[in-house]
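**Student:** Read top to bottom, the protein sequences are chains U and V.
This note's numbering applies: residue 123 is where the first sequence begins, and numbers increase by one.
This note's numbering applies: residue 631 is where the second sequence begins, and numbers increase by one.
Cβ coordinates follow ideal geometry from the N, Cα and C atoms, glycine included.
Every value quoted in this text rests on a predicted model; they were computed, and no experiment measured them.
Shown below is the structure under consideration.
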Amino acid sequence: MTNEAFTQLVDANYAPLYRFALSLARNGSDAGDLVQQTFFIWATKGHAIRELSKAKSWLFTTLYREFLRGRRRDSRSSSIEDLPPGGSELVAEDVDKVSRIDSAAVMSALQTVDETFRVPLTLFYLEDMSYQEIADALDVPIGTVMSRLSRGKAQLRMAFERADSPSSKVLPFPNAKGARAS
Amino acid sequence: MTIEEAKFILSAYRPNGSDAGLPAFGDALRMAAGDPGLEAWFTRSRAYDEAVARKLRQIVPPPGLREAILAGARASDAQRSRAPGMAWIAGLAAAAALVIVVFSMKAPARPETGNAALAAFAINDMVHEKHGGRGEPASALVAELETKGARIPGADRIDFEKLRSTGCRTLSFAGHEVLEVCFSRDEAQFHFYVARRDRPPGDSAAAAPSFITEAAGAAAVWSDSRFDYAIASTAGVAAIRRLL
Chain U
123 MTNEAFTQLV DANYAPLYRF ALSLARNGSD AGDLVQQTFF IWATKGHAIR ELSKAKSWLF
183 TTLYREFLRG RRRDSRSSSI EDLPPGGSEL VAEDVDKVSR IDSAAVMSAL QTVDETFRVP
243 LTLFYLEDMS YQEIADALDV PIGTVMSRLS RGKAQLRMAF ERADSPSSKV LPFPNAKGAR
303 AS
Chain V
631 MTIEEAKFIL SAYRPNGSDA GLPAFGDALR MAAGDPGLEA WFTRSRAYDE AVARKLRQIV
691 PPPGLREAIL AGARASDAQR SRAPGMAWIA GLAAAAALVI VVFSMKAPAR PETGNAALAA
751 FAINDMVHEK HGGRGEPASA LVAELETKGA RIPGADRIDF EKLRSTGCRT LSFAGHEVLE
811 VCFSRDEAQF HFYVARRDRP PGDSAAAAPS FITEAAGAAA VWSDSRFDYA IASTAGVAAI
871 RRLL
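Put into structure tokens, the structure is as follows:
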């Protein structure tokens, strides 16, 4: 692969890959590392792929596998049987709520979703991969992707509700008597 | 198909409409078209998903990530092309390295992190990338580097955190943060790289400078107890030697 083609590949994919990595790793530094590592693997192995149309799917799958390889298995990860029930019915206010908050808060809420559901949910919202490609990346049937997606969306809505609840808001500390403003 | 089943399927329908042709959605879409309640729910669901997707698209990667990816790939290319025809030796070395890694790995594998790789990274970055940092601590470091006869500062005089947080150009090399400043001395231009590294406890080994020359330029790399350093220049090894 020429330098120019590699640069084009990076330009076309590094931003959505970073967003996916950020949802997985939960911090920018590790997300950046994951993206770099993914392109490093591409530079050493990936260019053997003949069909460039599959490069995007290859990059996302490789990034996810690198993430799995790099992190210790978390005992807190949920199994499908431990899942909470689906959330409340979607109402028009939910749309307004999401539109009002900033993108960092949306990412923070996404990062609270259990990893099992967060991965397909993020890939769903990034809209870069087909269902078959997502299923292949996760090594599960398409029906399982849809099921995890449904649960993930319910968890995400609950995360937005928590973020929007009065108890999560920072309240001003009442001024002490005689205290001077600085 | 019940309403709940249709909702389950339609909740997987992506907001950009790219799933319109998938057979899996056909029945549920037809059902929504004939049921006002379900259709209203589906409209809300798509609006909600579009709002989330739009927010996620607004997240931008950190500055320098693209440059770091490209520089890292060029460095690995340079490493591979340095010994053409010696692929079998590289293969043996890789196999040996793999054995060592398998028995000692506690963290995710990283790209090669040796001094040669850092030198290649520095040379590639020097040649290909735009430079320029900001901040008072970075200016002070440049002033120190440009002082004729002054030695290159080490860990005792480099406040990595302060430089980084005040706008000094920051890159990523093999998973480690790298600061970079440009300076000139004796009418030659130099690029100074400081790479943060995680040394194992008790490992305080310092490495004397080693020099590498490539077609695009030369570099010196060395280490102290906290950092790896590189100076790259197109002025050649002799010019770099005079700094050290």
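(1) Whose CA, out of V:Arg-781, V:Val-690, V:Ile-639, lies closest to the CA of Met-229 of chain U?
(2) Based on the DSSP output, what are the partners of Trp-852 of chain V in its beta bridges?
(3) Near Glu-863 of chain V, what residues of its chain come up, given a Cβ to Cβ distance below 8 Å and the 5 sequence neighbours on each side ignored?
(4) Where are the alpha helix (DSSP H) runs, 4 residues long or more, that stay fully inside the stretch 224–263 of chain U, in chain order?
(5) Does Lys-275 of chain U come within less than 8 Å of chain V when only Cβ atoms are used?
(6) What residues in its chain sit with their C-beta under 8 Å from that of Asp-694 of chain V, if we drop five residues either side in the sequence?
(7) Under the three-state reduction of DSSP, which class applies to Pro-839 of chain V: helix, strand or coil?
(8) If you follow the beta strand (DSSP E) that Glu-807 of chain V is in, where does it begin and where does it stop?
(9) How is the beta strand (DSSP E) around Gln-819 of chain V delimited, first residue to last?
(10) Can you tell me the Cα-Cα spacing of Lys-167 of chain U and Ser-225 of chain U, whole angstroms?
(11) Please confirm if Asn-646 of chain V has its CB atom under 8 Å from at least one CB of chain U.
(12) In or out: Pro-831 of chain V buried (at least 16 other Cβ within 10 Å) or exposed?
(13) Hey, out of V:Ala-650, V:Asn-646, V:Pro-653, V:Ala-698, whose CA is closest to Ala-677 of chain V's CA?
(14) Which whole runs of the beta strand (DSSP E) in the stretch 126–155 of chain U are 3 residues long or more, in chain order?
(15) Indicate whether Arg-674 of chain V and Val-217 of chain U have their beta-carbon atoms separated by less than 8 Å.
(16) Can you tell me whether DSSP reads Ser-648 of chain V as helix, strand or coil?
(17) For Ala-285 of chain U, which residues from the same chain have a beta carbon less than 8 Å from its beta carbon, with the 5 sequence-adjacent residues on both sides left out?
(18) Leaving out the 5 sequence neighbours to the left and right, which residues in its chain are closer than 6 Å to Thr-183 of chain U when beta-carbon positions are compared?
(19) Express the C-alpha separation of Ala-177 of chain U and Gln-130 of chain U in angstroms, rounding to a whole number.
(20) Would you list the residues sitting across from Arg-279 of chain U in a DSSP beta bridge?
(21) Measuring straight from C-alpha to C-alpha, what distance separates Ser-795 of chain V and Asp-152 of chain U?
(22) State the start and end residues of the unbroken beta strand (DSSP E) segment that holds Ser-802 of chain V.
(23) Please classify Asp-155 of chain U as buried or exposed, where buried requires at least 16 other C-beta atoms within 10 Å of its C-beta.
(24) Answer yes or no: does any C-beta atom of chain U fall closer than 8 Å to that of Phe-790 of chain V?
(25) With 9 Å as the limit, tell me which residues of the stretch 639–663 of chain V have their beta carbon closer than that to any beta carbon of chain U; keep them in chain order.
(26) Which partner residues of Gly-847 of chain V appear in the DSSP bridge assignment?
**Tutor:** The relevant details are as follows:
(1) On the first sequence, residue 229 of chain U is found 107 positions in, with the first residue counted as 1. Met-229 of chain U has its Cα closest to that of V:Val-690, out of V:Arg-781, V:Val-690, V:Ile-639.
(2) Numbered from its first residue, the second sequence carries residue 852 of chain V at position 222. Answer is V:Tyr-859, bridged to Trp-852 of chain V.
(3) The residue labelled residue 863 of chain V in the question sits at position 233 within the second sequence. First, the residue type needs correcting, since residue 863 of chain V is Ser and not Glu in the sequence shown. Excluding sequence neighbours, Ser-863 of chain V sits near Met-756, Ala-818, Gln-819, Phe-820, His-821, Gly-847, Ala-848, Ala-849, Ala-869, Ile-870.
(4) 225–233, 237–248, 253–260
(5) As a position in the first sequence, residue 275 of chain U is number 153, starting the count at 1. Judged by the 8 Å Cβ criterion, Lys-275 of chain U is in contact with chain V.
(6) For the purposes of this step, residue 694 of chain V is identified with residue 64 of the second sequence, where counting begins at 1. One detail in the question is off: residue 694 of chain V reads as Gly in this sequence, not Asp. Only Arg-799, Thr-800, Leu-801, Ser-802 meet the Cβ criterion.
(7) Reading the second sequence from its first residue, position 209 is the one you call residue 839 of chain V. In this structure, Pro-839 of chain V counts as strand in the three-state DSSP scheme.
(8) Against the second sequence, residue 807 of chain V aligns to sequence position 177. First-last of the beta strand (DSSP E) with Glu-807 of chain V: 806–815.
(9) Numbered from 1 along the second sequence, position 189 holds the residue referred to as residue 819 of chain V. That run of the beta strand (DSSP E) goes 818–826.
(10) Here residue 167 of chain U corresponds to residue number 45 of the first sequence, with the count starting at 1. Here residue 225 of chain U corresponds to residue number 103 of the first sequence, with the count starting at 1. Going from the Cα of Lys-167 of chain U to the Cα of Ser-225 of chain U covers about 34 Å.
(11) Taking the second sequence and counting its residues from 1, one reaches residue 646 of chain V at position 16. Closer than 8 Å to some Cβ of chain U, the Cβ of Asn-646 of chain V qualifies, so yes.
(12) As a working note, residue 831 of chain V is residue 201 in the second sequence. Low confidence applies to Pro-831 of chain V: its pLDDT is 45, below 50, so where it sits in the model is not reliable, and the reading given next is rough at best. Burial call: exposed.
(13) Numbered from its first residue, the second sequence carries residue 677 of chain V at position 47. Ala-677 of chain V has its Cα closest to that of V:Asn-646, out of V:Ala-650, V:Asn-646, V:Pro-653, V:Ala-698.
(14) none
(15) The residue you call residue 674 of chain V lines up with position 44 of the second sequence. The residue you call residue 217 of chain U lines up with position 95 of the first sequence. Cβ atoms of Arg-674 of chain V and Val-217 of chain U: closer than 8 Å.
(16) On the second sequence, residue 648 of chain V is found 18 positions in, with the first residue counted as 1. It is coil, neither helix nor strand.
(17) Counting from one through the first sequence, the residue named residue 285 of chain U turns up at place 163. Answer for Ala-285 of chain U: Ile-223, Ala-227, Ser-230, Ala-231, listed in chain order.
(18) Here residue 183 of chain U refers to the residue found at position 61 when the first sequence is read from its first residue. Excluding positions up to five away in sequence, the list reads Ala-259.
(19) Here residue 130 of chain U refers to the residue found at position 8 of the first sequence. Here residue 177 of chain U refers to the residue found at position 55 of the first sequence. So the alpha carbons of these two residues sit roughly 12 Å apart.
(20) Residue mapping note: residue 279 of chain U aligns to position 157 of the first sequence, counting from 1. DSSP lists no partner for Arg-279 of chain U.
(21) Taking the first residue of the second sequence as position 1, residue 795 of chain V is located at position 165. Taking the first residue of the first sequence as position 1, residue 152 of chain U is located at position 30. Those two C-alpha atoms are separated by around 18 Å.
(22) Sequence index remark: in the second sequence, residue 802 of chain V carries index 172 (1-based). Residues 799–803.
(23) As a position in the first sequence, residue 155 of chain U is number 33, starting the count at 1. By the 10 Å Cβ count, Asp-155 of chain U comes out buried.
(24) Taking the first residue of the second sequence as 1, we reach residue 790 of chain V at position 160. Chain U contact via Cβ: absent.
(25) Ile-639, Ser-641, Ala-642, Arg-644, Pro-645, Asn-646, Ser-648, Asp-649, Leu-652, Ala-654
(26) If you number the second sequence from 1, residue 847 of chain V lands on position 217. The partner list for Gly-847 of chain V (beta bridge, DSSP) reads V:Glu-844.
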